[in-house]
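Here's the structure, in C-alpha cells; my notes come after.
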Amino acid sequence: MAQNGNQKKGGSFLEKLVALTRKQFFIPIAALTILVLFNLIMDPSFFAITLGTNSNGDPVLSGYLITILNNASELVILAIGMTLVTSASGGQDISVGSAIAIAGSVMLRILVGGPVNPGKIILAFLVACVVAMIFGAFNGVLVAYFKIQPMVATLILFTAGRSIAAWINNNELPIISEPLFGYFGNFIPGVALPTPVFIAIICVIIIMLVLKFTTLGLYTQAVGINPSSSRLNGIDPAKVKLITYIILGLCVAIAGFIKVSRFSTINYSVIAKDIEMDAILAVALGGNSLGGGKFNMASSIMGAYIIQFLTTTLFKFNVVSTALPAYKAVVVIVLVVLSAPVVREKLDSFWKKLSTKKSVKEAA
Amino acid sequence: MKKFLALLVAASMGFAMCACAAESSNEGGLIKVGIINNDPNESGYRTANDADMKAMFTEENGYDASFFYSLKNEEQIAAAQQFVQDEVDYLLISAAGTSGWDSVLTDAQNAGIQVILFDRTIDADASLYAASIVSDMAQEGETAVSWLASQNLAEYNVIHIQGVMGSSAQIGRSGALDEMVAANDNWNLVTQQTAEWNAETAQQIVQAVIDSGESFNVVYAENDDMARGAVAALDAANISHGVGGDVIIMSFDCNQWALEELLAGNWNYDGQCNPFQASYINDIIQGLEAGNAPAEQVVVMVEQGFSADTITQADVDSFGI
Numbered sequence: 001m002a003q004n005g006n007q008k009k010g011g012s013f014l015e016k017l018v019a020l021t022r023k024q025f026f027i028p029i030a031a032l033t034i035l036v037l038f039n040l041i042m043d044p045s046f047f048a049i050t051l052g053t054n055s056n057g058d059p060v061l062s063g064y065l066i067t068i069l070n071n072a073s074e075l076v077i078l079a080i081g082m083t084l085v086t087s088a089s090g091g092q093d094i095s096v097g098s099a100i101a102i103a104g105s106v107m108l109r110i111l112v113g114g115p116v117n118p119g120k121i122i123l124a125f126l127v128a129c130v131v132a133m134i135f136g137a138f139n140g141v142l143v144a145y146f147k148i149q150p151m152v153a154t155l156i157l158f159t160a161g162r163s164i165a166a167w168i169n170n171n172e173l174p175i176i177s178e179p180l181f182g183y184f185g186n187f188i189p190g191v192a193l194p195t196p197v198f199i200a201i202i203c204v205i206i207i208m209l210v211l212k213f214t215t216l217g218l219y220t221q222a223v224g225i226n227p228s229s230s231r232l233n234g235i236d237p238a239k240v241k242l243i244t245y246i247i248l249g250l251c252v253a254i255a256g257f258i259k260v261s262r263f264s265t266i267n268y269s270v271i272a273k274d275i276e277m278d279a280i281l282a283v284a285l286g287g288n289s290l291g292g293g294k295f296n297m298a299s300s301i302m303g304a305y306i307i308q309f310l311t312t313t314l315f316k317f318n319v320v321s322t323a324l325p326a327y328k329a330v331v332v333i334v335l336v337v338l339s340a341p342v343v344r345e346k347l348d349s350f351w352k353k354l355s356t357k358k359s360v361k362e363a364a
Numbered sequence: 365m366k367k368f369l370a371l372l373v374a375a376s377m378g379f380a381m382c383a384c385a386a387e388s389s390n391e392g393g394l395i396k397v398g399i400i401n402n403d404p405n406e407s408g409y410r411t412a413n414d415a416d417m418k419a420m421f422t423e424e425n426g427y428d429a430s431f432f433y434s435l436k437n438e439e440q441i442a443a444a445q446q447f448v449q450d451e452v453d454y455l456l457i458s459a460a461g462t463s464g465w466d467s468v469l470t471d472a473q474n475a476g477i478q479v480i481l482f483d484r485t486i487d488a489d490a491s492l493y494a495a496s497i498v499s500d501m502a503q504e505g506e507t508a509v510s511w512l513a514s515q516n517l518a519e520y521n522v523i524h525i526q527g528v529m530g531s532s533a534q535i536g537r538s539g540a541l542d543e544m545v546a547a548n549d550n551w552n553l554v555t556q557q558t559a560e561w562n563a564e565t566a567q568q569i570v571q572a573v574i575d576s577g578e579s580f581n582v583v584y585a586e587n588d589d590m591a592r593g594a595v596a597a598l599d600a601a602n603i604s605h606g607v608g609g610d611v612i613i614m615s616f617d618c619n620q621w622a623l624e625e626l627l628a629g630n631w632n633y634d635g636q637c638n639p640f641q642a643s644y645i646n647d648i649i650q651g652l653e654a655g656n657a658p659a660e661q662v663v664v665m666v667e668q669g670f671s672a673d674t675i676t677q678a679d680v681d682s683f684g685i
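So the sequences go chain by chain: A and B.
In this text, residue positions in the first sequence follow the numbering used here: the first is 1, and each later residue adds one.
In this text, residue positions in the second sequence follow the numbering used here: the first is 365, and each later residue adds one.
In C-alpha cells, the structure reads:
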C-alpha cells in the first residue's frame, strides 16, 4: 500500500510538472530564469545597484537592473495595447514605431518656441494623445469595418508615419532646452528612480484595474475567439476591435512622450525604430497566441521586461549591436517551435512515456 | 448670357497669352537648371543641403530652377528624363543609387545639357558629367583622429559608437580610428558598437560600459545624435566631460545645437560634413557659362573640424546645420 502511495506521488509530481509547462506563465518565467542564471554565473555584479549622484548633484540609482527597468518602460506600455489588439483582431499593429514618431513630433511642435511650463506640457501631451488615438482609430476602422488584415492595414501608417512626423515640424529637428521637459524621460530631481519606471508602473496598474472591473478583457477575448458567436451574444465585434486599436493609440502617445522627453528632441527616421517587432515579441514571449483569443496581460508585460533584459545582457557582454536582432530571432524561433501544437503533443506524450516508465520501474 | 460667356472666354485666353509671353521673355536671361535631390526629410544634413540649394538657385541669382525629390533611384532617373525633355541648361543630381544612370546621361549629353553631380557619385563614364562635388568621409575621419592624437593623452581608452554599418559615413569615419588603434599600443577600444545613428542605443551602449566599471576617456561618436545619447549616460553617472572633463566627446555633422554644446565646453570636437555645395556648383556653372571648363572634374569640399577651444559664435552661426 505504502509503495502504491509512493508510486502515485512520483506520478503526480511529473504530472504537475507537465501541467506547469502548460501554464501560460511558464514561458516568460523560464526565459527569465535562464537569463538570471546566465548572468549570475557569468558575473554576479550584474545585479549590483549603487546609489550615486548625477551631474546636477541629485541622487540616482544605477546598475544594470535599473537600466533594464528604465529602458523597458516604453515597451511595457506598448505591450499592453499590443496584447489587446492581438487578442481582439488576431493580428498585430506594425505601425506603432511610426506612430510614436508622429505623437512625439506633435508634442514638440506645440512646445517649441515660447516658454515651456507645466500647463503647456500637459496640453502638448493631451493633443498628442488625441492625435495618436485618431491614427489608432484609422487603423482600427480599416481592420474592424473594412476587414483588412491587421498587418496590411497598419502597413500604410508604418510606411507613411515617419514622413508625416517630419512634415508636422516642417522637417526641422526641434530641441526643447527647458529641463522640466526632460524629467519625464530621465529623473525628477530628488527621486532616485528614473521617471519612465513610474509611468510604466502606473500604466500597468491602470490596465489591471480596467481588466478587473470592466468587461474589456472578457469582450476582447470573446471577439478574438469567435466573432460570430460573440455577436449572437450581443457584443459588436467591430466596435470592440476598434476600441482596442484606440487604446493602443493611447499607449503609443505615452510611449512617445517618454521617448521625446529622454533627449528633449526627435529624429524622425530613427526614433522608436523596430519597436513594433519588440512589442509583438513581448506578446509572444508572454505565451499569448498571436492568432488572437485568450490573453494574459501580466505575461505580456513580463515579456517586455525580458526583452530589455536580453538586450542589456547582450550589451554587457559586448555583443555587436547589429547582431542583437539575430539573438532575438533565435528566441522567437525557440518560442514559436515550443508553442506549436505538434511539438506540444510530442512533448506531452514524451512526458507521459517517461512517467509510465518510471512507475513501471518502481512497481518492479 | 452667351455673349457674356464668350467675352469671359476671350478675356481669359488673352490673359493666358499674356502669361505665356511674360514667361518666354523671362526665360531669355535665366539659366534653367533641373535639380534632383534626395528627400529633405532624410536627415538634418539633407535639410540643410536643400535649403542651401534653394537659397542659391533663385531668380535674383539668374536661375530658373526646378526641384525634384526622391529617395528612389528609378524615380530620380525618370525625373532626369523629364528634365532632359524640358531642355534645361544644367542638370544637378544627388543620386540615390549609383547605377542605371548611363542612358539618361547620354541623352542629356546629346541634348547639350551639362550634368553636375553633388554629394553622391555614380557608376558612369566620367565623360558623361562635367563635374562632381563630394565629401571625403575618410578625410573627415583622419582630421578627427589627428585632432585626438594632438591632445597627447598618455592613454586613449575609446568608446567607439558607429553609424549604420556599411554606410559611406560610417566606413570613412571608422577607418581612421581603426588604423590608429591598430598602430598604437596606448590606443584601446573599450567597446566598438553600432548605434545605427540612434541616440537611445548610444546611451544604452555607454550605460553598459559605465555599469561594467571599465574606465574610458574618449567617446568617439559618428554623429551628433549618438554623441548626445552618450553624454546623457555620462551625465546620469556624474562623469565629467568636455573641456577640462574626464571624458573627451567627439562627434560629426555639426548640427547647430551640437556646435552650441561645443561652445559651452560640454563637447570637445565636431567634424564637419559639408552640406553647402551650392556655391561650388554656382562657381562651376558661371565658369562654364564663360566658356571655361572646371579645373578639376572631382571637387572635394573643404571640411573642417571644430574644437571647443577655438570655436566662436560666428562659427556656430555660419557652419551649424
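Here a beta-carbon is modelled for each residue, glycine too, at the ideal position from N, C-alpha and C.
Alpha carbon of A/Asp-236 to alpha carbon of A/Leu-250, nearest angstrom | Numbered from 1 along the first sequence, position 236 holds the residue referred to as residue 236 of chain A. Numbered from 1 along the first sequence, position 250 holds the residue referred to as residue 250 of chain A. So the two alpha carbons sit approximately 22 Å from each other.
Buried versus exposed, by CB contacts within 10 Å (16 or more), A/Val-343 = Sequence index remark: in the first sequence, residue 343 of chain A carries index 343 (1-based). When all chains shown are included, A/Val-343 counts as exposed.
Excluding five sequence neighbours on each side, which residues of the same chain lie with their C-beta closer than 6 Å to the C-beta of B/Asp-681?
-> If you number the second sequence from 1, residue 681 of chain B lands on position 317. If we look at B/Asp-681 and ignore the five residues flanking it on each side, it has no Cβ neighbours.
Count the other CB atoms, across all protein chains shown, that sit within 10 Å of the CB of A/Ser-229; report buried if there are 16 or more and exposed otherwise.
-> Position 229 of the first sequence, counting from 1, holds the residue named residue 229 of chain A. Answer is exposed; the Cβ neighbour count stays below 16.
Under 8 Å between C-beta atoms of A/Phe-135 and A/Ile-102 | By one-based count along the first sequence, residue 135 of chain A stands at place 135. By one-based count along the first sequence, residue 102 of chain A stands at place 102. Yes, they are a contact pair.
What's the gap between the Cα of A/Pro-194 and the Cα of A/Phe-263?
-> On the first sequence, residue 194 of chain A is found 194 positions in, with the first residue counted as 1. On the first sequence, residue 263 of chain A is found 263 positions in, with the first residue counted as 1. Distance between the alpha carbons of A/Pro-194 and A/Phe-263 is about 14 Å.
Of all Cβ atoms in chain A, is any one closer than 8 Å to the Cβ of B/Pro-639?
-> Looking up residue 639 of chain B in the second sequence gives position 275. Not closer than 8 Å to any Cβ of chain A, the Cβ of B/Pro-639 fails to qualify, so no.
Determine the burial state of B/Val-666: buried for a count of at least 16 other Cβ atoms within 10 Å of its Cβ, exposed for fewer.
-> As a first step, residue 666 of chain B is located in the second sequence; it is residue number 302 there, counting from the start. Exposed, since its Cβ has fewer than 16 Cβ neighbours within 10 Å.
Keeping to the same chain, check which residues put their C-beta closer than 6 Å to that of A/Ala-19; ignore five residues upstream and five downstream.
-> As a first step, residue 19 of chain A is located in the first sequence; it is residue number 19 there, counting from the start. Answer for A/Ala-19: no residue qualifies.
First and last residue of the alpha helix (DSSP H) that includes A/Asn-169?
-> Stepping through the first sequence from its first residue, residue 169 of chain A is reached at position 169. A/Asn-169 -> no alpha helix (DSSP H), and no H or E assigned at all.
Please state whether DSSP places B/Asn-638 in a helix, a strand or coil.
-> Numbered from 1 along the second sequence, position 274 holds the residue referred to as residue 638 of chain B. It is coil, neither helix nor strand.
Can you have a look at A/Thr-356 and say buried or exposed, based on whether 16 or more other CB atoms are within 10 angstroms of its CB?
-> Stepping through the first sequence from its first residue, residue 356 of chain A is reached at position 356. Exposed, by the Cβ-count rule.
Could you tell me the distance, in whole angstroms, from the CA atom of A/Ala-30 to the CA atom of A/Val-332?
-> In the first sequence, the residue the question calls residue 30 of chain A occupies position 30. In the first sequence, the residue the question calls residue 332 of chain A occupies position 332. Approximately 14 Å, taken between the alpha carbons.
With distances taken Cα to Cα, identify the nearest neighbour of A/Phe-125 among A/Ile-100, A/Ala-137, A/Gly-140 and A/Leu-142.
-> Translated into positions along the first sequence, residue 125 of chain A becomes position 125. When only C-alpha atoms are compared, the closest one is A/Ile-100.
Residue environment, A/Asn-117, which counts as buried when at least 16 other CB atoms sit within 10 Å | Within the first sequence, the letter at position 117 stands for residue 117 of chain A. Classification of A/Asn-117: exposed, given that the 10 Å Cβ count is below 16.
Compute the distance between the beta-carbons of A/Ala-79 and A/Ala-304, then report whether it is under 8 Å.
-> In the first sequence, counting from the first residue as 1, residue 79 of chain A sits at position 79. In the first sequence, counting from the first residue as 1, residue 304 of chain A sits at position 304. Yes, they are a contact pair.
Just reading off the beta strand (DSSP E) that B/Asp-489 is part of, what are its end residues?
-> The residue you call residue 489 of chain B lines up with position 125 of the second sequence. Element bounds for B/Asp-489: n/a, residue is neither H nor E.
Would you kindly work out how many angstroms separate the C-alpha atoms of B/Ser-576 and A/Lys-316, rounded to a whole number?
-> Start at 1 with the first residue of the second sequence, and residue 576 of chain B comes out as number 212. Start at 1 with the first residue of the first sequence, and residue 316 of chain A comes out as number 316. Each residue's Cα considered, the two are about 7 Å apart.
8 Å contact criterion, which A/Pro-150 and A/Gln-221 should meet: CB distance rounded = Mapped onto the first sequence, residue 150 of chain A falls at position 150. Mapped onto the first sequence, residue 221 of chain A falls at position 221. Contact flag wrong, Cβ pair sits at about 17 Å.
Any C-beta of chain A under 8 Å from that of B/Ala-622 = Reading the second sequence from its first residue, position 258 is the one you call residue 622 of chain B. Output row for B/Ala-622: interface = no.
When we look at the beta-carbon of B/Gln-515 and count the other beta-carbons within 10 Å, is it buried (16 or more) or exposed?
-> If you number the second sequence from 1, residue 515 of chain B lands on position 151. B/Gln-515 is exposed by the Cβ-count criterion.
Supposed close pair B/Ala-629, B/Gly-593 - CB separation, criterion 8 Å | Sequence index remark: in the second sequence, residue 629 of chain B carries index 265 (1-based). Sequence index remark: in the second sequence, residue 593 of chain B carries index 229 (1-based). Per the sequence shown, the amino acid found at residue 629 of chain B is Gly instead of Ala. Rounded, the Cβ-Cβ distance is 19 Å, inconsistent with contact.
Are any of the Cβ atoms in chain A nearer than 8 Å to that of B/Asn-425?
-> As a working note, residue 425 of chain B is residue 61 in the second sequence. With 8 Å as the cut-off, B/Asn-425 does not count as an interface residue toward chain A.
So, using beta-carbon positions, are A/Ala-128 and A/Ala-253 closer together than 8 Å?
-> If you number the first sequence from 1, residue 128 of chain A lands on position 128. If you number the first sequence from 1, residue 253 of chain A lands on position 253. Against a cut-off of 8 Å, the Cβ pair of A/Ala-253 and A/Ala-128 comes out as a contact.
Could you please tell me which residues of the segment 298-325 of chain A, in chain order, have their CB closer than 8 Å to any CB of chain B?
-> Thr-311, Thr-312, Phe-315, Lys-316, Asn-318, Val-320, Ser-321 and Thr-322
Any idea what DSSP makes of B/Gln-668, helix, strand or coil?
-> Against the second sequence, residue 668 of chain B aligns to sequence position 304. Three-state result, B/Gln-668: coil.
Can you list the residues of chain B that A/Lys-273 reaches, using a CB-CB cut of under 8 Å?
-> Locating residue 273 of chain A in the first sequence gives position 273, counting from the first residue. Here the neighbours are Glu-560 and Asn-562.
Using only the heavy atoms of the ligand FAD, determine whether one of them is closer than 7 Å to the beta carbon of B/Lys-418.
-> Annotation note on the ligand FAD: not contained in the displayed structure, which lists no ligands.
Starting from A/Val-60, find everything on chain B with Cβ-Cβ shorter than 9 Å and list it in chain order.
-> Within the first sequence, numbered from 1, the residue matching residue 60 of chain A stands at position 60. By Cβ distance, chain B contributes Ala-600, Ala-601 and Asn-602.
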